[in-house]
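Q: Structure below; questions to follow.
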Amino acid sequence: MTVFKVLGAAALTSLSLSAMAAEFSFDRPGAGMGTGITPVGRLAWEQGLPSASYTESTDENGDKVKTTTLNTDMLFRTGLADGLELQLGWQGPTWSKTKVAGKSVEDDGLGDVSIGLKKAIDLNDDKLSMALLAEAIIATGNDGFSQDDDIYSLSSAVAYDYSDMIGTSITMRYEVQDGDWAVSAIPGLEYKIAGNLSGFSELVYRKAESTDQQVSLASGLTYAVSERMQLDASVGLELTGGHKNYQSGLGVSYLF
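As structure tokens, this is what we get:
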């Protein structure tokens, strides 16, 4: 499989730019994928400040295992042609702390990189939009901070604007890793709160081969500092499984 053979993810939300880039929107935050495409000759930089996760489970000896992870993930997007963009991502530097039976172990390393192509699909509808993303996550990260095997995925997103205040979307993601397939469905809702402040909520359903289904819920806020800059904050939690799993994130996005 080549790097461009299959595809992947990133999210929903909100920043309309000037007439030249009317279709553009940042993909932070969230797991869903937006339908906006970066204009030709422009560069979008989407940076985590950082993203965090906390998990609490029980090991085979009955001891609680508490793990906290911080990583400064980043995504670069640039327009290659009308309706087509290149994406380059990196999970970035990552730090983790694991506590078991009163003992703590800290570790740090570098995460995986990703490359993808995103294409807008013209539906000839002012309120309905669609995009496809082909992505490969290359397992180049350090031990403990990598997917171990490359992941190839294909994602589709369809968004519908009910009004200037409310929009909905759904992202479908199909991925394969070392011969095992997984599918994710991510319905989302975004809504304007006041002025330049907007919010989003999404449900993430994921089912991989030989594993139980996973369901999580996330919500967040975005603030348009200017036509080119956005700040975001989000929180999420897993609703399935016998362990606690929480995520949070702060981020900034800028269009050059």
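When we follow my numbering, the leftmost residue of the sequence shown carries the number 299, and every step to the right adds one.
By construction, the Cβ of each residue, glycine as well, lies at the ideal position given by its N, Cα and C atoms.
(1) Using a Cβ-Cβ cutoff of less than 8 angstroms, which residues in the same chain neighbour Ser508 once the five nearest sequence positions on both sides are dropped?
(2) Pull up the CB-CB distance for Gln389 and Gly439, whole angstroms please, since I reckon it's below 8 angstroms.
(3) So, helix, strand or coil for Val533, using DSSP?
(4) Compute the beta-carbon to beta-carbon distance between Ala437 and Thr333, rounded to the nearest angstrom, for a pair I have assumed lies under 8 angstroms.
(5) Nearest to Asp510 by alpha carbon, out of Ser499, Leu382, Ser482 and Leu487?
(6) For Ser323, name the three-state secondary structure that DSSP assigns.
(7) List the endpoints of the continuous beta strand (DSSP E) containing Pro348.
(8) Identify, in the order they occur along the chain, each residue of the same chain with its Cβ nearer than 6 angstroms to the Cβ of Gln528, setting aside the five sequence neighbours on each side.
(9) Tell me whether Val403 is buried or exposed, calling it buried when 16 or more other Cβ atoms sit within 10 Å of its Cβ.
(10) If you follow the beta strand (DSSP E) that Ile484 is part of, which residue opens it and which one closes it?
(11) Report all residues from its chain with a CB closer than 6 angstroms to the CB of Gly497; omit the five preceding and five following residues, and keep chain order.
A: Looking at the coordinates:
(1) Mapped onto the sequence shown, residue 508 falls at position 210. Result list for Ser508: Asp478, in chain order.
(2) Taking the first residue of the sequence shown as 1, we reach residue 389 at position 91. Taking the first residue of the sequence shown as 1, we reach residue 439 at position 141. That pair is a contact at about 6 angstroms.
(3) To locate residue 533, count along the sequence shown from 1; it is residue 235. Looking at Val533 - three-state DSSP - the assignment turns out to be strand.
(4) By one-based count along the sequence shown, residue 437 stands at place 139. By one-based count along the sequence shown, residue 333 stands at place 35. Not a contact, Cβ separation roughly 28 angstroms.
(5) Taking the first residue of the sequence shown as 1, we reach residue 510 at position 212. The shortest Cα separation from Asp510 among Ser499, Leu382, Ser482 and Leu487 belongs to Ser482.
(6) In the sequence shown, residue 323 corresponds to position 25, counting from 1. Residue state, collapsed to three classes: coil.
(7) Translated into the one-based positions of the sequence shown, residue 348 becomes position 50. Run containing Pro348: Leu341 to Thr356, per the beta strand (DSSP E) assignment.
(8) Along the sequence shown, read from residue 1 onward, the residue named residue 528 stands at position 230. Around Gln528: Leu313, Phe324, Thr520, Ala522 and Ser551.
(9) Mapped onto the sequence shown, residue 403 falls at position 105. The residue in question, Val403, is exposed, as its Cβ has fewer than 16 Cβ neighbours within 10 Å.
(10) The sequence position of residue 484 within the sequence shown is 186, counting from 1. Ile484 -> beta strand (DSSP E) spans Asp478 to Ala492.
(11) Residue 497 sits at position 199 when you count from the first residue of the sequence shown. Closer than 6 angstroms at the Cβ level, and outside the excluded window around Gly497, lie Tyr489, Ile491 and Leu519.
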